[in-house]
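**Student:** Let me give you the structure first, and then I'll get to my questions.
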């Protein structure tokens, strides 16, 4: 009997050498919303899923895992990840979901910026300028991070228009171009990516930048037992991709630079 146990132990040990644990693959279900170039809906972007989506796919694939993207609004996505109904979210701020499981370092930098028409004289200089704007366009449920801006928005003034539903940023841009709103606040990389995609870059300019720069992360559910392992994989494999040049190739697809070099 002892000899049988010994043989079984050796057999299991041998299998663990031949078939590493990561070969038993998981399929991670990740919340995705339109926030290109960080997080892109493939159907709206010629199959592109955003650089964070590509990064998740590549890093998880290196350990035998697959990634499936679930299209859902940003706020709903956070709820589903928090409840353990999804494995993670492609892009979020630590401040919005401090209970989530994060990689060892940020995967991007975000700076909320005001944009207006090129012929507009309005410029963001603080709370007084917000009051002077005819209408400020925002996406409902988004955190624009800067405390001065968020304090103003949260007071629900009559000159703030919060858009939700499909293609909210495109709709806000059309309103801006048609003169219905004075300015849009959005992450600088996101809005510049969108106006270039729409062919409207010659109509729009930066009209002021907020003071706060915040880290962007992909993150994982606090309810899932494998989340810490996924965060570890994402950290370790991103470092490898940066060292061997694959990260630069990935970022070049979106016309952006490595956030650590900025």
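Numbering (this note's numbering), first residue to last: 4 to 265. Cβ atoms here follow ideal geometry from the backbone N, Cα and C, with glycine treated the same way. Since this is a predicted model, take the numbers as computed values, not measurements.
Report the option in 83, 255, 78 whose CA atom is closest to the CA atom of residue 225.
**Tutor:** 83
**Student:** So within the stretch 58-94, which uninterrupted alpha helix (DSSP H) runs reach at least 4 residues, ignoring any that extend past its ends?
**Tutor:** 77-85
**Student:** Just to confirm, are residue 59 and residue 204 a CB contact at a threshold of 8 Å?
**Tutor:** Cβ atoms of residue 59 and residue 204: not closer than 8 Å.
**Student:** What number of angstroms, rounded off, separates the C-alpha of residue 138 from the C-alpha of residue 249?
**Tutor:** 43 Å
**Student:** What are the complete alpha helix (DSSP H) segments, minimum 4 residues, inside the stretch 179-230?
**Tutor:** 191-201
**Student:** For residue 119, which beta-bridge partners are listed by DSSP?
**Tutor:** 208
**Student:** Please tell me whether residue 155 and residue 188 are closer than 8 Å, where the distance is taken between their beta carbons.
**Tutor:** no
**Student:** Would you kindly report the start and end of the unbroken alpha helix (DSSP H) that includes residue 128?
**Tutor:** No alpha helix (DSSP H) holds residue 128; DSSP gives it neither H nor E.
**Student:** Relative to the C-alpha of residue 99, which candidate in 238, 217, 253, 258 has its C-alpha closest?
**Tutor:** 217
**Student:** Measure the beta-carbon distance from residue 140 to residue 179 and round it to whole angstroms, keeping in mind my assumption that it falls under 8 Å.
**Tutor:** Contact holds; Cβ gap of about 7 Å.
**Student:** Between the alpha carbons of residue 39 and residue 55, how many angstroms are there, rounded?
**Tutor:** 10 Å
**Student:** Relative to the C-alpha of residue 238, which candidate in 199, 62, 53 has its C-alpha closest?
**Tutor:** Each of 199, 62, 53 was checked against the Cα of residue 238, and the nearest Cα belongs to 62.
**Student:** Closest to residue 78 by CA distance: which of 107, 143, 255, 161 is it?
**Tutor:** 143
**Student:** According to DSSP, what are the bridge partners of residue 164?
**Tutor:** 140
**Student:** Would you mind reading off the limits of the alpha helix (DSSP H) that contains residue 249?
**Tutor:** 249-255
**Student:** Specify, as a first and last residue, the run of the beta strand (DSSP E) that residue 33 falls within.
**Tutor:** Its beta strand (DSSP E) spans residues 30-35.
**Student:** Please classify residue 158: does DSSP put it in a helix, a strand, or coil?
**Tutor:** coil
**Student:** If you draw a straight line from the C-alpha of residue 75 to the C-alpha of residue 121, how long is it?
**Tutor:** 33 Å
**Student:** Identify every residue that forms a DSSP beta bridge with residue 112.
**Tutor:** The partner list for residue 112 (beta bridge, DSSP) reads 218.
**Student:** Can you give me the Cβ contacts of residue 65 inside the same chain, cut-off strictly under 6 Å, excluding the 5 residues immediately before and after it?
**Tutor:** 240, listed in sequence order.
**Student:** Tell me which residues share the same chain as residue 161 and place their Cβ nearer than 8 Å to its Cβ, disregarding the 5 neighbours each side in the sequence.
**Tutor:** none
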